[in-house]
Amino acid sequence: MIQEIHDIKNYSFNPVLESNEKLYDTPITLFGKQWRIMDDFWMKHVHIKITDRCNARCPFCIEKESHLKDNPDKLSANLQRLIAELDSQGHLATVSITGGEPSLSPIAAEVVDFLKGNYNVFLNINTNFSKTIDSQLDPDWVNISRHKVGADDYTGIGALDLDMLDQYRADHPKTKIRLQCVLHPHGLQSIDEIKAYIDHYIGHIDDLSFRRLINVTDNAPTDDLYQQLKHFLYDNSTLVEQVLKDYYVYETWNYKGLNITLSHSNMKLLHDLEGTEDDKILREIVVHPDGLIAGSWYRNKKIIAE
Ligand code: SF4
72 MIQEIHDIKN YSFNPVLESN EKLYDTPITL FGKQWRIMDD FWMKHVHIKI TDRCNARCPF
132 CIEKESHLKD NPDKLSANLQ RLIAELDSQG HLATVSITGG EPSLSPIAAE VVDFLKGNYN
192 VFLNINTNFS KTIDSQLDPD WVNISRHKVG ADDYTGIGAL DLDMLDQYRA DHPKTKIRLQ
252 CVLHPHGLQS IDEIKAYIDH YIGHIDDLSF RRLINVTDNA PTDDLYQQLK HFLYDNSTLV
312 EQVLKDYYVY ETWNYKGLNI TLSHSNMKLL HDLEGTEDDK ILREIVVHPD GLIAGSWYRN
372 KKIIAE
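Take any residue in the sequence shown, note its place counting from 1, add 71, and you have its number in our numbering.
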């Protein structure tokens, strides 16, 4: 299902997500194997998990059990072939460099320059911004994790260094900065705390995003802070859009001139689908730290390249 809602009258606080296999009807060949993708810019997404290592310790982190050994040579070789094959078939669209903490990888800057220097690709980096990735070229967005104002003892993420951020912006003038905040039981506690968080960062960033904790057994937003935030934005800001795409939904609101995005993935739906559907469907393409490429966050499913 793909649905884009712009009129507030059609906005839903609890949209029902569903996946339609029929939308995955575009054939593609990767590493000599046939696959099917959805021919939609945002659904053709390559995630490069460049390392599993991280210098934070978020208890809710879904990556922290992984501890895969990095293999930068294999990752680079497989990535170059993957990107070239996607591009030659007209399906290179969006790429995220993620982790772990990508700035801990010695090849992160090289990967940015390879992608932005050779291809017309929309590139995001997801980072805790404890260290910068000093590429020559500018990624499109740097998404910075901060779940509180100031130092966060629960996750081990320090206060955002605004001087470092200003310097990064000066060095990368085309890059936009998004702050990403996970609403979790030990983070922001109330709408008043969310308002104070927004006011603290509003002059330093281009965009702000909130999401719920990722949970593979729970499939619907409940009446928690995330839901209260939707009501707050509904009453105090302008809806830009609400987009339902397959197993995830995102909605963007404009509040005090700042775009605020709320996103939620129904990981239970994704998990259940991946257990039963045709193995040839690629909802995403994930390059793992050891260089293996899978059509799933689970590295033993839909293996594209070993
Ligand atoms: S910063 Fe990200 S990768 Fe690191 S522990 Fe937290 S959630 Fe996990």
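Positions of the beta carbon are idealized from the N, C-alpha and C atoms, including for glycine.
From the DSSP output, which residues share a beta bridge with residue i?
| i | result |
| --- | --- |
| Y321 | V314 and S334 |
| Y82 | According to DSSP, which records beta bridges pairwise, Y82 is partnered with nothing at all. |
| A230 | DSSP output for A230 lists no bridge partner at all. |
| T280 | Before going further, note that residue 280 is Ser rather than Thr in the sequence given. S280 pairs with Q251 and T332. |
| E75 | V314 |
| I356 | V117 |
| K104 | L101 |
| I364 | V358 and A376 |
| T309 | N325 |
So which of the options has the shortest CA-CA distance to residue i?
| i | options | result |
| --- | --- | --- |
| S280 | F131, G366 and W212 | W212 |
| F84 | H302, T100, A164 and D237 | H302 |
| N142 | I276, N199 and S176 | S176 |
| I262 | D295, C132 and Y225 | D295 |
| L344 | Y369, E156 and V253 | Y369 |
| L194 | D209, I228 and A267 | D209 |
| N191 | C129, I204, R217 and F112 | F112 |
| V87 | I331, D317, N330 and G366 | D317 |
| E348 | K373, D361, I331 and L329 | K373 |
| T198 | L186, L231, N189 and G188 | L231 |
| G103 | E156, T165 and G221 | E156 |
| S174 | I154, Q160, N214 and L153 | N214 |
| R48 | A267, Q299 and T226 | As shown, the chain starts at 72 and ends at 377. That puts residue 48 outside it, with no answer to give. |
| M235 | K219, A180 and H275 | H275 |
| G366 | T97, H116, E134 and I269 | H116 |
| D123 | P256, V314, P244 and D361 | D361 |
| D277 | R240, Y297, G258 and L284 | R240 |
| A376 | I196, Y82 and Q105 | Q105 |
| E134 | D144, G170, N149 and N126 | G170 |
For residue i and residue j, I'd like the C-alpha separation in whole angstroms.
| i | j | result |
| --- | --- | --- |
| K351 | L340 | 17 Å |
| V311 | K327 | 13 Å |
| E322 | C252 | 15 Å |
| E89 | H342 | 13 Å |
| S216 | F200 | 8 Å |
| G229 | S206 | 23 Å |
| K247 | E92 | 34 Å |
| I178 | T332 | 30 Å |
| R107 | Q238 | 42 Å |
| Q299 | Q260 | 11 Å |
| N337 | Y319 | 6 Å |
| I364 | N307 | 43 Å |
| P292 | K266 | Any reading at P292 is ruled out, since the residue's pLDDT is 47, under 50, leaving its predicted position unreliable. |
| D158 | V166 | 12 Å |
| L153 | D184 | 16 Å |
| N371 | M109 | 22 Å |
| D78 | T309 | 10 Å |
| M114 | D242 | 30 Å |
| C125 | N189 | 29 Å |
| N330 | Y272 | 13 Å |
| L186 | V314 | 27 Å |
| E75 | T97 | 21 Å |
| I196 | K80 | 34 Å |
| E264 | E355 | 34 Å |
| N290 | A148 | Low confidence applies here, because N290 scores a pLDDT of 49, under 50, leaving its location unreliable and the question unanswered by this model. |
| Y297 | G258 | 12 Å |
| D144 | D270 | 43 Å |
| Y305 | L101 | 43 Å |
| A164 | Y95 | 16 Å |
| P244 | G346 | 43 Å |
| D27 | Y82 | This structure cannot settle anything about residue 27, because the visible part of the chain is limited to 72 through 377. |
Indicate whether residue i and residue j have their beta-carbon atoms separated by less than 8 Å.
| i | j | result |
| --- | --- | --- |
| I121 | I168 | yes |
| S334 | R249 | no |
| V358 | L139 | no |
| H255 | H218 | yes |
| I119 | V220 | no |
| I99 | Q151 | no |
| I204 | A222 | no |
| F131 | L353 | no |
Legend entry - Those runs of the alpha helix (DSSP H) which lie wholly inside the region 185-233 and span at least 4 residues: none
Inset, instruction - Can you check the region 115-183 for any beta strand (DSSP E) of at least 3 residues that lies completely inside it and give the ranges in chain order? - result: 116-120 and 165-169
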